[in-house]
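Heads up: the sequence lines are chains G and A, in that order. Residue 10 in this note's numbering is what sits at position 10 of the first sequence, and the numbering runs on without skipping anything. Residue 437 in this note's numbering is what sits at position 63 of the second sequence, and the numbering runs on without skipping anything. Built from N, CA and C at the ideal position, the CB exists for glycine as well. Because the structure is a prediction, the values reported are computed rather than measured.
Number of protein chains: 2
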Amino acid sequence: MSQSGLNMSRRIRRTPYTDRVEAHGVRGFSVVNHMLLPKAYGPSVEEDYWHLREHVQIWDVACQRQVEIRGPDAARLVQLMTPRDLRNARVGQGLYVPLIDEAAGMLNDPVLQKLDDDRFWLSIADSDILLWAKGLAYGMQLDVQIDEPDVSPLAVQGPKAGTLMASLFGEAIRDLPYFGFAMFDVLGTRQLIARSGYSKQGGYEIYLEGSHLGAGLWDLIWEAGQDLNITPGCPNLIERIEGGLISCGNEFTRANNPLECGFRQLCHLGDDVDYIGRPALQRIASRGPVQRLSGIRFGGGRTPPCGKPFPLTTPEGLQVGQITSGIFSPRLDCNVGLSMVASTHWDIGTSLVVHTPDGLAREATVSALPFSDS
Amino acid sequence: MSQSGLNMSRRIRRTPYTDRVEAHGVRGFSVVNHMLLPKAYGPSVEEDYWHLREHVQIWDVACQRQVEIRGPDAARLVQLMTPRDLRNARVGQGLYVPLIDEAAGMLNDPVLQKLDDDRFWLSIADSDILLWAKGLAYGMQLDVQIDEPDVSPLAVQGPKAGTLMASLFGEAIRDLPYFGFAMFDVLGTRQLIARSGYSKQGGYEIYLEGSHLGAGLWDLIWEAGQDLNITPGCPNLIERIEGGLISCGNEFTRANNPLECGFRQLCHLGDDVDYIGRPALQRIASRGPVQRLSGIRFGGGRTPPCGKPFPLTTPEGLQVGQITSGIFSPRLDCNVGLSMVASTHWDIGTSLVVHTPDGLAREATVSALPFSDS
Numbered sequence: 001m002s003q004s005g006l007n008m009s010r011r012i013r014r015t016p017y018t019d020r021v022e023a024h025g026v027r028g029f030s031v032v033n034h035m036l037l038p039k040a041y042g043p044s045v046e047e048d049y050w051h052l053r054e055h056v057q058i059w060d061v062a063c064q065r066q067v068e069i070r071g072p073d074a075a076r077l078v079q080l081m082t083p084r085d086l087r088n089a090r091v092g093q094g095l096y097v098p099l100i101d102e103a104a105g106m107l108n109d110p111v112l113q114k115l116d117d118d119r120f121w122l123s124i125a126d127s128d129i130l131l132w133a134k135g136l137a138y139g140m141q142l143d144v145q146i147d148e149p150d151v152s153p154l155a156v157q158g159p160k161a162g163t164l165m166a167s168l169f170g171e172a173i174r175d176l177p178y179f180g181f182a183m184f185d186v187l188g189t190r191q192l193i194a195r196s197g198y199s200k201q202g203g204y205e206i207y208l209e210g211s212h213l214g215a216g217l218w219d220l221i222w223e224a225g226q227d228l229n230i231t232p233g234c235p236n237l238i239e240r241i242e243g244g245l246i247s248c249g250n251e252f253t254r255a256n257n258p259l260e261c262g263f264r265q266l267c268h269l270g271d272d273v274d275y276i277g278r279p280a281l282q283r284i285a286s287r288g289p290v291q292r293l294s295g296i297r298f299g300g301g302r303t304p305p306c307g308k309p310f311p312l313t314t315p316e317g318l319q320v321g322q323i324t325s326g327i328f329s330p331r332l333d334c335n336v337g338l339s340m341v342a343s344t345h346w347d348i349g350t351s352l353v354v355h356t357p358d359g360l361a362r363e364a365t366v367s368a369l370p371f372s373d374s
Numbered sequence: 375m376s377q378s379g380l381n382m383s384r385r386i387r388r389t390p391y392t393d394r395v396e397a398h399g400v401r402g403f404s405v406v407n408h409m410l411l412p413k414a415y416g417p418s419v420e421e422d423y424w425h426l427r428e429h430v431q432i433w434d435v436a437c438q439r440q441v442e443i444r445g446p447d448a449a450r451l452v453q454l455m456t457p458r459d460l461r462n463a464r465v466g467q468g469l470y471v472p473l474i475d476e477a478a479g480m481l482n483d484p485v486l487q488k489l490d491d492d493r494f495w496l497s498i499a500d501s502d503i504l505l506w507a508k509g510l511a512y513g514m515q516l517d518v519q520i521d522e523p524d525v526s527p528l529a530v531q532g533p534k535a536g537t538l539m540a541s542l543f544g545e546a547i548r549d550l551p552y553f554g555f556a557m558f559d560v561l562g563t564r565q566l567i568a569r570s571g572y573s574k575q576g577g578y579e580i581y582l583e584g585s586h587l588g589a590g591l592w593d594l595i596w597e598a599g600q601d602l603n604i605t606p607g608c609p610n611l612i613e614r615i616e617g618g619l620i621s622c623g624n625e626f627t628r629a630n631n632p633l634e635c636g637f638r639q640l641c642h643l644g645d646d647v648d649y650i651g652r653p654a655l656q657r658i659a660s661r662g663p664v665q666r667l668s669g670i671r672f673g674g675g676r677t678p679p680c681g682k683p684f685p686l687t688t689p690e691g692l693q694v695g696q697i698t699s700g701i702f703s704p705r706l707d708c709n710v711g712l713s714m715v716a717s718t719h720w721d722i723g724t725s726l727v728v729h730t731p732d733g734l735a736r737e738a739t740v741s742a743l744p745f746s747d748s
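Right under this line is the structure:
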């Protein structure tokens with residue numbers, strides 16, 4: 001048992017940065033892709049929130065494992081796995097891609113890095129997409145190699161991230177478009193750096209190849225950030241909910257389709273792109289989804305932690321959704337949450353009720369995503 | 375953040391028993407198959423160990439999720455997934471089955487329950503075998519349905535398990551062969567009960583179908599165990615290592631083949647059974663595996679927790695393995711561990727050295743599994 005109470009074993013893999021993370025006094029972990037994800041450092045998630053919005057943070061997100069697909073049939077397999085039209089994808093471009101099964105059920109929502117015309121990384125959320133891809137490739141006898149490379153993303157997030165990264169890797173890094181990536185000199189090696197990250201405050205992710213370089217990279221970033229008030233951080237629940245960033249396994253499961261998740265613009269519905277689940281998705285699109293991910297503001301004082309979903313009902317008690325992630329926002333001075341909401345009640349401004357485990361029925365309103373100040 | 379320090383969210387799923395587990399004061403969790411597994415209750419793992427060997431315990435092992443495969447091609451798909459010869463498998467029989475990929479790499483080591491000639495459950499360890507099976511089925515266009523049913527195993531383990539279970543479900547339950555299962559009346563429903571469990575102390579697992587029955591089943595077992603000194607428990611690290619029970623992700627990964635894991639008797643190497651990875655496995659078998667899972671006794675006082683593998687070397691410093699699970703056994707009065715050991719050094723009695731993170735080099739001996747008293 002570690003100080004965090006999470007039982008440690010080889011099965012729940014440490015990252016190349018875990019030693020550093022522990023030295024910084026991490027207070028808790030989650031587990032994503034059979035790997036540790038730090039979840040708390042400072043005195044509170046609110047202090048961490050304000051810091052992330054003003055300064056710069058270093059995040060161990062090595063749990064964003066890469067599924068590498070390469071070979072003559074790689075492009076075909078990757079397209080089969082997502083409804084997003086990849087015909088115009090360029091090398092050096094990252095694309096957010098819903099992955100769905102034959103029933104159009106969501107399996108994951110990775111960022112796809114097109115490394116070459118026949119080589120891709122899927123930077124995955126929490127499900128074993130490696131096994132899905134391998135099963136498809138074996139069953140269809142595709143000519144591809146599928147592996148998990150020794151790649152461990154380290155994120156630098158916050159408004160000062162550009163200043164920090166430019167000081168280390170040159171001003172050219174500021175020219176990367178959002179989700180774009182390029183190769184940079186890092187510790188005597190060439191490494192992929194993308195303008196991306198699981199916050200809306202701007203930043204970069206270094207897809208470090210070579211676990212043995214982990215401590216060195218952490219120290220390099222850390223030193224360069226000393227004048228910028230750098231702290232160790234992690235995805236911040238307040239910031240991500242405000243930004244409308246959804247989480248695989250929280251906001252959606254295989255029971256949800258991408259149209260419900262708000263991914264209409266990422267779904268090619270024509271017959272000219274072949275992907276798994278297309279007939280099912282076309283059927284759903286023609287009828288219209290029956291629910292959609294929505295922002296929910298709710299009152300009643302600080303919400304308890306959302307370990308189990310909170311029922312979302314009409315004032316009359318009809319359930320129309322459930323809060324799957326929720327927390328108090330000190331900036332908006334109300335609780336913010338994410339919920340699939342039934343089509344009958346998803347209009348912005350609809351009055352609803354959130355039922356928290358402390359027994360309170362809290363007044364709620366359907367809100368646009370991302371949450372705005374007004 | 376829960377009392378345990380593990381960050382709670384919907385993504386890391388609660389089980390039908392988690393409320394009861396928390397009411398009993400669970401001190402920590404692990405995460406298996408995106409679900410909570412209790413890891414500690416009492417004052418120490420040693421007290422828990424002695425209790426498990428003498429009395430009876432109730433374990434929340436709902437994280438042993440079921441992958442249900444049913445339909446006309448179900449038997450064919452299940453056989454494709456394992457090198458174990460299933461031609462003579464009978465309905466009502468549970469079989470421990472290594473699952474391997476095309477390179478004979480281990481993907482999981484579930485218990486297969488043959489529910490009918492065209493309906494199977496794979497009771498899995500920690501990897502998304504659902505996605506592997508679905509990928510294969512889609513790619514091969516097999517006529518099967520693959521789902522995760524609402525089934526949450528609850529284990530009753532220890533030498534008094536038979537007495538407890540017979541008092542609730544009738545004396546016939548004592549006649550189940552090891553790994554056999556049958557349907558019994560439970561809370562007004564018919565439920566699958568197997569003579570099985572992740573200990574060597576004997577016991578049963580109730581594959582409860584219907585999460586809403588979870589609290590009722592827990593209470594039923596708990597009440598019936600009051601005269602038998604029942605406690606809440608969980609897989610016990612001392613007991614499982616002594617018993618040679620291996621753990622997916624700890625003792626083996628996809629980098630290991632089933633022959634290395636000691637599963638030679640479970641692998642059909644002839645050409646008359648068709649399964650994925652057979653050519654690779656035949657090749658490995660013809661050369662002989664280069665390492666094999668072995669028991670390791672080691673001294674030097676109580677070992678620190680094995681959060682990272684401990685290098686296992688010759689006295690001269692040549693690495694021949696790594697301890698992937700290890701702990702002090704109060705009964706054997708030495709540390710016990712599990713390691714793959716190179717073929718050059720795997721003979722019982724070979725003298726080796728375990729290097730623990732406290733800096734000690736500890737005298738070690740290769741031992742037979744399961745560990746014996748002598």
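Practice item. Measure the alpha-carbon distance for D126(G) versus E545(A) and round it to whole angstroms. Key: 44 Å
Review point. Residues of chain A with CB under 8 Å from A133(G), in chain order?
Key: G509
Practice item. Could you confirm whether any beta carbon from chain A is found closer than 8 Å to the beta carbon of V31(G)? Key: yes
Check your understanding: Going by other Cβ atoms of all chains shown within 10 Å of its Cβ, with 16 needed for buried, is I206(G) buried or exposed?
Key -> buried
Practice item. With a cut-off of 8 Å on the beta carbons, I'd call S759(A) and C680(A) a contact; round off their distance for me. Key: It is not possible to answer for residue 759(A), since the shown part of chain A is limited to 375 through 748.
Check your understanding: Looking at C-alpha atoms only, which residue of R331(G), L360(G), V353(G) and T356(G) is the closest neighbour of R53(G)?
Key -> R331(G)
Review point. Does any C-beta atom of chain G lie closer than 8 Å to the C-beta of S383(A)?
Key: yes
Review point. Using a beta-carbon distance below 8 Å, is P457(A) in contact with chain G?
Key: no
Practice item. Would you verify that the beta carbon of Y138(G) is, or is not, closer than 8 Å to some beta carbon of chain A? Key: yes
Exercise for review: Just the C-alpha distance for S44(G) and D358(G), rounded to the nearest angstrom, thanks.
Suggested key: 21 Å
Review point. Taking the alpha-carbon positions, what's the L237(G) to A364(G) distance?
Key: 19 Å
Check your understanding: Roughly how many angstroms lie between the CA atoms of S741(A) and E625(A), to the nearest whole one?
Key -> 16 Å
Check your understanding: Beta-carbon of E363(G) versus every beta-carbon of chain C: anything under 8 Å?
Key -> Protein chains G and A are contained in the structure displayed, whereas chain C is not.
Practice item. Could you tell me whether any non-hydrogen atom of the ligand FMN is closer than 7 Å to the CB of I323(G)? Key: No copy of the ligand FMN occurs in the structure displayed, which carries no ligand at all.
Practice item. Could you work out which residues of chain A lie near E102(G), taking near to mean beta carbons separated by less than 7 Å? Key: Y512
Practice item. Can you check the region 47-75 of chain G for any beta strand (DSSP E) of at least 3 residues that lies completely inside it and give the ranges in chain order? Key: 57-60 and 66-70
**Study point:** Chain-order list of residues whose beta-carbon lies under 8 Å from that of F179(G) (same chain, five-residue window excluded)
**Key:** Q93, G94, L95, Y96, V111, A194, R195 and S196
Review point. Along the region 246-276 of chain G, what residues have a CB closer than 9 Å to any CB found in chain A?
Key: S247, C248, G249, N250, E251, T253, R254 and I276
Review point. Could one say the Cβ of T324(G) lies closer than 8 Å to chain A's Cβ atoms, at least one of them?
Key: yes
Check your understanding: Checking contacts by CB at 8 Å: is P376(G) closer than that to chain A?
Key -> The question about residue 376(G) has no answer here: the residues shown for chain G are numbered 1 through 374.
Exercise for review: With 8 Å as the limit, tell me which residues of the region 671-683 of chain A have their beta carbon closer than that to any beta carbon of chain G; keep them in chain order.
Suggested key: P679, C680, G681, K682 and P683
Exercise for review: Report all residues from its chain with a CB closer than 6 Å to the CB of L743(A); omit the five preceding and five following residues, and keep chain order.
Suggested key: G618 and G669
Check your understanding: Can you name the residues of chain G whose CB is closer than 9 Å to the CB of H408(A)?
Key -> V31, D126, S127 and G249
Point to revise | Whole-number beta carbon distance between D118(G) and P149(G), since they are thought to touch under 8 Å | key: Actually they are not in contact, since the Cβ atoms of P149(G) and D118(G) sit about 15 Å apart, beyond 8 Å.
Review point. If L154(G) and L208(G) are in contact, beta carbons under 8 Å, what's the gap, nearest whole angstrom?
Key: 6 Å
Check your understanding: Could one say the Cβ of L6(G) lies closer than 8 Å to chain A's Cβ atoms, at least one of them?
Key -> yes
Check your understanding: The alpha helix (DSSP H) with M514(A) in it runs from where to where?
Key -> I503 to M514
Point to revise | Inter-stretch contact at 8 Å, needing at least 3 Cβ pairs: the region 627-636 of chain A / the region 655-675 of chain A | key: yes
Review point. Sorted by chain position, which residues of the same chain lie with C-beta nearer than 6 Å to L473(A)'s C-beta, five sequence neighbours on each side aside?
Key: M455, T456, L481 and N482
Review point. Given that R388(A) touches chain G, what residues does it touch there, using C-beta distances under 9 Å?
Key: G307 and K308
**Study point:** Those runs of the beta strand (DSSP E) which lie wholly inside the region 281-334 of chain G and span at least 3 residues
**Key:** 291-298, 310-313 and 319-329
Check your understanding: Are the region 29-49 of chain G and the region 57-69 of chain G in contact at 8 Å, needing three or more beta carbon pairs?
Key -> yes
Review point. Thinking C-alpha only, which one of A535(A), S713(A) and Q639(A) is nearest G577(A)?
Key: A535(A)
Practice item. Please name the residue in R384(A), R736(A) and E597(A) whose C-alpha comes closest to that of G675(A). Key: R736(A)
Practice item. With 8 Å as the C-beta to C-beta threshold (strictly closer), list the residues of the region 480-492 of chain A near chain G in chain order. Key: L481
Check your understanding: In three-state terms, what does DSSP make of A125(G)?
Key -> coil
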